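Protein chains: 6
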Amino acid sequence: MKYRFAEMIWYEVKEAAEQDRVAVLPVATYEDHGPHLPVDTDVVLCTEICERAVARIPSEAVLAPPVPHGYSPHHMDFHGTLTITWDTFIRYVKDVCCSLAHHGFKRILVVNGHGSNTPPLDLATRLTVIETEGRVLCGSVNHWGLRKVKEAGRELRESDYGGTSHGGEFETSLYLALRPDLVDMSKAVDERSPLSNSFQSDLLAGGHPEGSSANFTPYWSTKTASGVMGDATKASREKGEKFLEAGIEGLIELVRELRATEIMDRRDQH
Amino acid sequence: MKYRFAEMIWYEVKEAAEQDRVAVLPVATYEDHGPHLPVDTDVVLCTEICERAVARIPSEAVLAPPVPHGYSPHHMDFHGTLTITWDTFIRYVKDVCCSLAHHGFKRILVVNGHGSNTPPLDLATRLTVIETEGRVLCGSVNHWGLRKVKEAGRELRESDYGGTSHGGEFETSLYLALRPDLVDMSKAVDERSPLSNSFQSDLLAGGHPEGSSANFTPYWSTKTASGVMGDATKASREKGEKFLEAGIEGLIELVRELRATEIMDRRDQH
Amino acid sequence: MKYRFAEMIWYEVKEAAEQDRVAVLPVATYEDHGPHLPVDTDVVLCTEICERAVARIPSEAVLAPPVPHGYSPHHMDFHGTLTITWDTFIRYVKDVCCSLAHHGFKRILVVNGHGSNTPPLDLATRLTVIETEGRVLCGSVNHWGLRKVKEAGRELRESDYGGTSHGGEFETSLYLALRPDLVDMSKAVDERSPLSNSFQSDLLAGGHPEGSSANFTPYWSTKTASGVMGDATKASREKGEKFLEAGIEGLIELVRELRATEIMDRRDQH
Amino acid sequence: MKYRFAEMIWYEVKEAAEQDRVAVLPVATYEDHGPHLPVDTDVVLCTEICERAVARIPSEAVLAPPVPHGYSPHHMDFHGTLTITWDTFIRYVKDVCCSLAHHGFKRILVVNGHGSNTPPLDLATRLTVIETEGRVLCGSVNHWGLRKVKEAGRELRESDYGGTSHGGEFETSLYLALRPDLVDMSKAVDERSPLSNSFQSDLLAGGHPEGSSANFTPYWSTKTASGVMGDATKASREKGEKFLEAGIEGLIELVRELRATEIMDRRDQH
Amino acid sequence: MKYRFAEMIWYEVKEAAEQDRVAVLPVATYEDHGPHLPVDTDVVLCTEICERAVARIPSEAVLAPPVPHGYSPHHMDFHGTLTITWDTFIRYVKDVCCSLAHHGFKRILVVNGHGSNTPPLDLATRLTVIETEGRVLCGSVNHWGLRKVKEAGRELRESDYGGTSHGGEFETSLYLALRPDLVDMSKAVDERSPLSNSFQSDLLAGGHPEGSSANFTPYWSTKTASGVMGDATKASREKGEKFLEAGIEGLIELVRELRATEIMDRRDQH
Amino acid sequence: MKYRFAEMIWYEVKEAAEQDRVAVLPVATYEDHGPHLPVDTDVVLCTEICERAVARIPSEAVLAPPVPHGYSPHHMDFHGTLTITWDTFIRYVKDVCCSLAHHGFKRILVVNGHGSNTPPLDLATRLTVIETEGRVLCGSVNHWGLRKVKEAGRELRESDYGGTSHGGEFETSLYLALRPDLVDMSKAVDERSPLSNSFQSDLLAGGHPEGSSANFTPYWSTKTASGVMGDATKASREKGEKFLEAGIEGLIELVRELRATEIMDRRDQH
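Rendered as structure tokens:
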């Protein structure tokens, strides 16, 4: 059974939609990830987790063609960053989602691989809901926000708070599990944000427990010399394989949760 | 010493910027908040916390003129919701922030009173950073995300998970502390989201601990009949006063943290 | 009877719309008003006139939540000006008006307090008419363009042509009537446009009687050193109170005129 | 000496700019003008006045290529109306003005032939001022707002208030003076707005003296059955020739006034 | 029988649409055309061909009012170029086409006189098709792409490949046939692109037969010192008259082909 | 030597730009390609040609990360089409190109795999030239417009005019050469456009030799029942392999031609 939207003939897409399969859309970005990781880190991690998860449940989901380029203007001081203007990016993803909805997909899950894509993707999926007047369930999740990944994080991480952010222990481990030949661990570093608690973040742990949950995003190059924000030296392929499996299982779990969610009628008071 | 931007004569604005005072900008929205609360709930809570906090530290901060109308298309099934299109809203707030930056304010804190404003405001403040090429620190916080409010939440709340969301225990208590005459507690209800864990939220507790951190926002009227999402019946003026004080102190703390943050130079690799 | 939209519970908004009350929406801007007036001059004058007028006729009108930030790029050389990009401003106001229309308000009057807002507001209200396909009467008026204010101007003003423009006799008098403690009359000046007749204006008298009615708006700082355009020295609290009463009565008159206007069917020739 | 921009070779355009000639840009629209006038009424009147005025003072002005299509959504119920979306129209005219500024023209006068273009053109010319950072004087005038035309109106008009609006005495007379063969006076009518004073207008007399100066623009077809708003039956070729001469002389006067206006430096307080 | 849209009274436009006449819309631009041709070359050539063609078949076509300003940012180094931003230009033309469609024209042919307008006009006409959901046939043609012109080119041209591009043998000949008094043949030159085969073009011959069909458009001033791209010295009035006749006949042929084309129903698979 | 941008570490991207390698960016779309081909036909053909060509000349070129989603609104009647709004698509590709330029790439070649992308991509690459003020050579080519492919077409094609359009002999052959398992040749058909000469096209032969070169794009489903436009039955893997080799060699040729092109200075006349 085909699970890749891309490989389907047009009437097979129609059938997939009629089977109420969840459309899983990976979105990421290209940007510097320190001196040890390629610029496609976010793309590889996100698409591989989606690819493998959907492949295991082809009757329940479809892998929509990834949107690899995302929103990353604050990384432009480092070569390799390709950034799309905020509103163009939102409209682009919304158009992909609305195209899927046009063809009958009623449940669409955008899976994100890049932190700064979070607000644009929340908006893109909300716009899809509004444009379809509520007939479609469309939303997003960061792969590190999947329940099983958060759980795995609590078990597996060795670095302290701040260690599993951009290019740190978590992402480096995952890349090692997927394409070890492209990682140069000899250049892996441990670099942390110089900012105070309320302006801290950690992919797996979220905002700092001793800080306010503020959203501040200065230029990346003001915060890090290496481009890394976290402890890449703690990464290992073994942990990466466990994170990968957690991501796959966590995504399957969420797809099923979404598939079981009823699309309710609106109670318009007008 | 004047602390309201609005009341200053133009050269006083110049002086305030030269004193490196933090510009605090409240942003909210008008929308239904159940049968017991006025549609300005988000506006009143947010602006009052800002007003009172800045009034206590006039030499450190300036109260910028609030942007009261926000982003709330999914609430339009209920009368009283005034919603601004996503990109217009983002550009509007960005223009206010960039105007402040143009006049010399180097630290700008947007304080948000409406959950769905979070992604647009994150983008608006990021755009301000980009447009000023990193010379300005600009970001946002939800008033319920202030460290002291989260702390107060853990101490004060009586409802279980989900009880302190839209129009629930937290917001109703705060409104009772500010304008009790406008609250009709006889109509207060306890209504919860029918969705499963990964699609739950709670202002004070965040995403459900047993779910993935997914962002799904269907039309509000599909999730609630009363418009409330939480337990308004648990609200009290006493709790509201404590939440209010926590908000004021929490905001002062964050303003000071921001004021102490160094604006670092970019390390542009080009 | 509640007359403030903001303070209504959502079903009260519904009732107000069903009563065919006119929605009165104040719109202004923050900008320099000379060395003697605060930057909120346009906001205070406009919102106070609306507030007081609507409070007198609650069964006929509703005070919609003001849009305080407006369009003022040519004032940016002076600190304190907050300007919204032209199309963002138009869309923002249009969204507020269309939200009101969505909830059933059929007559919407935007009351403007800032000269340069006039063309954007004319467009915003026209767009509301077009988006609602003509089912709504929506338009704008400057508070100094109200019949009774123009009449009062002819009676009360002491300065000659050009004296009642930006920060001059008219606006300063009104501010003195509303918040005298914030006015520093010791700094009030009389400064006039250096331009010739066709490029002159006067809030109360309109274009120069000996000139063409041209619209030219160079940067404000090229025309005035103080920021004032008019004769602030002629202002007095007494005149301000009379202008204020004229504004209130003039607005009530216009609201009633609008309320009595039939919404006619279109004769579409297609 | 060439006065038409269109007929110049590129280096002649350079020379014209270096001579500080005023660029005169006619802008109009195509729309119904009643059963007796062609849809190009606004275009013909406006461009002919400009053409003839500039031809008389070639060393002082240049006729820029007209923008014939304008903003007229509220006329779309009548065939023949071609309307450009508001922001597209504004940007289009701004681009023409900024192109002229790019080539060295420092004084640009947009001459308008269509009432509803007034706010968009005011914005387009303001944007040109802002984009050129104040180095260019750019503004607009309606041909019926020229001093000599207003004067002629007071002398020549025979209809009472409201008679010289859309397709009425004034416009029909002018068209009769220019292309009498295209006018069908046997179909000329006298039709007036059914609205009350504050919503009245008259091209030559402005707002109603007994009303507030409100801007309300409902769909045209709700106000008139014939499309005419005014008294076309009072039109004559003789009056038209006098109005035409007044327009030509009035425009020459304004061009000279503009050419004599100094472009002053900004006093930026930053 | 009237053939100019502009000169029709509104109900005559309605009749013209009901007669299923093809709306022919000329679009061009103003830009430098070398030291021997006026900046309106593209406008004159395109509108004259349309004017004359439609005049010969008034019962089959209508001449829509031309859009003279187009897209030419890469020519801005030369005075006289007036350029409209890409998306504004596309929307403007689309609005004209959609206005025509709104009034009942079902076949719309945009005739282009400026090479760089080709992609924007293709998009503008496609958008018209999409906005009308396929009920209208709308497309574009460059006047040098008309079958009879290409044929005439093969017969008449004397210059070798590259000689009939911007301001070269073809355009100069046509201008000589239309307004010889405005051409300064003493300044006519032969200048060619310095680029290699794949980046060559020739209005009449298309891409270079020995190159790839690539689209590269560097700034014009990098490719030519005179502004000309082609051999203007080979131009003559005699050839121009033949090209003109070919254009007129070619356009009539295409209008008839379009008029004979059935508007087919969509086979929507949803 | 790495040739995939995606796999480079950020400083390797810097080095690749410093080596003046040509950035090759594949762009395509997902859409129905008849009952025998998957919806990723345009993506696979275009990216595979680019991948293989760049892999052969890693010291001269870099494979930029493909933009797979394109512009195809007229195909939306068939399932599987994912379309991006025209201006969003243009801005997205422009942002990728400008990001590449920001990092130092001076020669950027967009390789297109979808006919309707041609005008948007021409605009996107022109915008890149304008935004970089002419410092970058950026343009596009359709893979079937490569010199060697056109040549191969003349040699290899068996179908007559119109046979090598959408999903026809050419594309099907190429797909058979790349992923034969995904092609269902039992469903291959020969279907042609019902339109007359001037509205015909053929990927390899271009416009019809007996027609005008008009651009008309009605909804796809009005022209074809199968979705195919051409003769898929003439396809073979053998021809596909030859077309593929021609594409690879043709692209290498064009990359080298581009790399040898001097970036010339502008002769700005201002």
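Residue numbers (the numbering used here), protein chains in the order written: chain A, 1 to 270; chain B, 1 to 270; chain C, 1 to 270; chain D, 1 to 270; chain E, 1 to 270; chain F, 1 to 270. Where a beta carbon is used, it is the ideal one built from N, C-alpha and C, also for glycine. A quick note: this is a predicted structure, and the numbers were derived from the prediction, not measured.
Using the beta-carbon of each residue, which ones in chain A are nearer than 7 Å to residue 257 of chain B? Reading the second sequence from its first residue, position 257 is the one you call residue 257 of chain B. Listed along chain A are 196 and 198, each with a C-beta nearer than 7 Å to that of residue 257 of chain B.
Give me the Cβ distance between residue 72 of chain C and residue 131 of chain C, rounded to the nearest whole Å; I'm assuming they're in contact under 8 Å. For the purposes of this step, residue 72 of chain C is taken as the residue at position 72 of the third sequence. For the purposes of this step, residue 131 of chain C is taken as the residue at position 131 of the third sequence. About 26 Å; that fails the 8 Å criterion.
Determine the direct distance from the alpha carbon of residue 120 of chain D to that of residue 89 of chain D, and round the result to whole angstroms. Locating residue 89 of chain D in the fourth sequence gives position 89, counting from the first residue. Locating residue 120 of chain D in the fourth sequence gives position 120, counting from the first residue. If you take the alpha carbons of residue 89 of chain D and residue 120 of chain D, they lie about 7 Å apart.
Go to residue 263 of chain F, then tell me how far its alpha helix (DSSP H) extends in each direction, as first and last residue. Within the sixth sequence, numbered from 1, the residue matching residue 263 of chain F stands at position 263. Element bounds for residue 263 of chain F: n/a, residue is neither H nor E.
Classify residue 202 of chain B as buried or exposed, calling it buried when 16 or more other Cβ atoms lie within 10 Å of its own Cβ. Here residue 202 of chain B corresponds to residue number 202 of the second sequence, with the count starting at 1. Per the 10 Å Cβ criterion, buried.
Length of the line joining the Cα atoms of residue 148 of chain E and residue 195 of chain E: On the fifth sequence, position 148 is the one that residue 148 of chain E refers to. On the fifth sequence, position 195 is the one that residue 195 of chain E refers to. Spanning the two alpha carbons is a distance of roughly 29 Å.
Residues of chain A with CB under 9 Å from residue 49 of chain B, in chain order? Here residue 49 of chain B refers to the residue found at position 49 of the second sequence. Neighbourhood of residue 49 of chain B in chain A, by CB distance below 9 Å: empty, with the nearest CB roughly 13 Å away.
When the cut-off is 7 Å and only beta carbons count, does residue 118 of chain A lie next to chain F? Counting from 1 along the first sequence, the entry for residue 118 of chain A is found at position 118. The Cβ of residue 118 of chain A sits no closer than 7 Å to any Cβ of chain F.
Contact list for the stretch 135 to 162 of chain C against chain B, Cβ threshold 8 Å: Taking 8 Å as the Cβ-Cβ cut-off against chain B, none of the residues of the stretch 135 to 162 of chain C qualify.
Could you work out which residue in D:258, D:98 and D:243 is closest to residue 172 of chain D when comparing CA atoms only? Within the fourth sequence, residue 172 of chain D is the residue found at index 172, counting from 1. With distances taken between CA atoms, residue 172 of chain D lies nearest to D:243 out of D:258, D:98 and D:243.
Any chance you could list the beta strand (DSSP E) runs of at least 3 consecutive residues sitting entirely within the stretch 122 to 191 of chain F, in chain order? As for any beta strand (DSSP E) of minimum length 3 sitting wholly inside the stretch 122 to 191 of chain F, the runs are 137 to 142, ordered along the chain.
Determine, for residue 82 of chain F, whether the minimum Cβ-Cβ distance to residues of chain A falls below 7 Å. Working through the sixth sequence from its first residue, we reach residue 82 of chain F at position 82. For residue 82 of chain F, a Cβ of chain A is located within less than 7 Å of the residue's own Cβ.
Establish whether the CB of residue 42 of chain B and some CB of chain G are separated by less than 7 Å. No chain G is part of this structure, whose protein chains are labelled A, B, C, D, E and F.
Collapsed DSSP secondary structure at residue 109 of chain D in the structure displayed: Position 109 of the fourth sequence, counting from 1, holds the residue named residue 109 of chain D. Residue 109 of chain D carries a strand assignment under DSSP once its states are collapsed to helix, strand and coil.
With a cut-off of 7 Å, does the C-beta of residue 18 of chain F fall near any C-beta of chain A? Start at 1 with the first residue of the sixth sequence, and residue 18 of chain F comes out as number 18. With 7 Å as the cut-off, residue 18 of chain F does not count as an interface residue toward chain A.
Looking only at its own chain, which residues have a Cβ that is under 6 Å from the Cβ of residue 223 of chain D, when we skip the five neighbours before and after it? As a working note, residue 223 of chain D is residue 223 in the fourth sequence. Cβ neighbours of residue 223 of chain D within its own chain (closer than 6 Å, five residues either side excluded): 193.
Which residues in chain D have a C-beta closer than 7 Å to the C-beta of residue 91 of chain E? List them in chain order. The count along the fifth sequence starts at 1 and reaches residue 91 of chain E at position 91. Per Cβ cutoff of 7 Å: 85 and 88.
Buried or exposed by the 16-neighbour rule on C-beta atoms within 10 Å, applied to residue 65 of chain B: Along the second sequence, read from residue 1 onward, the residue named residue 65 of chain B stands at position 65. When all chains shown are included, residue 65 of chain B counts as buried.
Rounded to whole angstroms, what is the Cα-Cα separation between residue 137 of chain B and residue 103 of chain B? Stepping through the second sequence from its first residue, residue 137 of chain B is reached at position 137. Stepping through the second sequence from its first residue, residue 103 of chain B is reached at position 103. Answer to the nearest angstrom: the Cα atoms are 14 Å apart.
Can you confirm whether residue 170 of chain E, when its beta carbon is compared against all beta carbons of chain D, has any partner nearer than 7 Å? The residue labelled residue 170 of chain E in the question sits at position 170 within the fifth sequence. So, not an interface residue.
Please go through the same chain and pick out, in chain order, the residues whose beta-carbon is closer than 7 Å to the beta-carbon of residue 250 of chain E, but skip the five residues on each side of it. Within the fifth sequence, residue 250 of chain E is the residue found at index 250, counting from 1. 146, 147, 148 and 149.
Give, in chain order, every residue of the stretch 24 to 37 of chain E whose Cβ lies closer than 9 Å to some Cβ of chain F. Answer set for the stretch 24 to 37 of chain E: 32.
Compare the beta carbon distance of residue 86 of chain C and residue 25 of chain D with 7 Å and say whether it is the shorter of the two. For the purposes of this step, residue 86 of chain C is taken as residue 86 along the third sequence, with counting starting at 1. For the purposes of this step, residue 25 of chain D is taken as residue 25 along the fourth sequence, with counting starting at 1. No; because the gap between Cβ atoms is not below 7 Å, this pair is not in contact.
Step through the CB atoms of chain A and report whether any lies within less than 7 Å of the CB of residue 217 of chain B. Position 217 of the second sequence, counting from 1, holds the residue named residue 217 of chain B. Yes, its Cβ sits closer than 7 Å to a Cβ of chain A.
Using a Cβ-Cβ cut-off of 8 Å (strictly less than) and excluding sequence neighbours within five positions of residue 199 of chain E, which residues of its own chain qualify? Within the fifth sequence, numbered from 1, the residue matching residue 199 of chain E stands at position 199. The residues are 193, 211, 214 and 216.
Coarse secondary structure for residue 78 of chain F, derived from DSSP in three states: By one-based count along the sixth sequence, residue 78 of chain F stands at place 78. It is coil, neither helix nor strand.
Chain-order list of residues whose beta-carbon lies under 8 Å from that of residue 128 of chain C (same chain, five-residue window excluded): Reading the third sequence from its first residue, position 128 is the one you call residue 128 of chain C. Counting only residues of its own chain and dropping the five nearest sequence neighbours on each side, residue 128 of chain C has a CB closer than 8 Å to the CB of 94, 97, 98, 101, 108, 136 and 138.
Per-residue DSSP class, three states only, for residue 62 of chain D: Residue numbering aside, residue 62 of chain D sits at position 62 when the fourth sequence is read from its first letter. Annotated three-state conformation of residue 62 of chain D is strand, per DSSP.
Nearest to residue 69 of chain E by CA position, among E:11, E:4, E:207 and E:116, is which residue? The sequence position of residue 69 of chain E within the fifth sequence is 69, counting from 1. Looking only at E:11, E:4, E:207 and E:116, the smallest Cα-Cα distance to residue 69 of chain E is reached by E:116.
At which residues does the alpha helix (DSSP H) containing residue 53 of chain C begin and terminate? In the third sequence, residue 53 of chain C corresponds to position 53, counting from 1. Following the DSSP letters along the chain, one finds residue 53 of chain C inside the alpha helix (DSSP H) bounded by residues 41 to 56.
By the DSSP assignment, the beta strand (DSSP E) with residue 216 of chain F in it spans what residues? Along the sixth sequence, read from residue 1 onward, the residue named residue 216 of chain F stands at position 216. Here the beta strand (DSSP E) through residue 216 of chain F covers 214 to 216.
Considering only the alpha carbon of each residue, which of B:268, B:265, B:267 and B:248 lies closest to residue 54 of chain B? Here residue 54 of chain B refers to the residue found at position 54 when the second sequence is read from its first residue. Across the set B:268, B:265, B:267 and B:248, the C-alpha of B:248 shows the shortest separation from the C-alpha of residue 54 of chain B.
Apart from the five residues just before and just after residue 114 of chain D, which ones in its own chain have a Cβ nearer than 6 Å to its Cβ? On the fourth sequence, position 114 is the one that residue 114 of chain D refers to. In chain order, 28, 29, 42 and 70 place their CB closer than 6 Å to the CB of residue 114 of chain D, counting only its own chain and leaving out the 5 sequence neighbours on each side.
From the DSSP output, read off the bridge partner residues of residue 231 of chain E. Position 231 of the fifth sequence, counted from the start, is the residue given in the question as residue 231 of chain E. By DSSP's assignment, residue 231 of chain E forms a beta bridge with E:190.
Measuring alpha carbon to alpha carbon, tell me which of E:21, E:209, E:23 and E:49 ends up nearest residue 175 of chain E. As a position in the fifth sequence, residue 175 of chain E is number 175, starting the count at 1. If you compare the alpha carbons of E:21, E:209, E:23 and E:49 with that of residue 175 of chain E, the shortest gap goes to E:49.
Given a threshold of 16 other Cβ atoms within 10 Å of its Cβ, counted over all protein chains shown, does residue 263 of chain C qualify as buried or as exposed? Position 263 of the third sequence, counting from 1, holds the residue named residue 263 of chain C. Classification of residue 263 of chain C: exposed, given that the 10 Å Cβ count is below 16.
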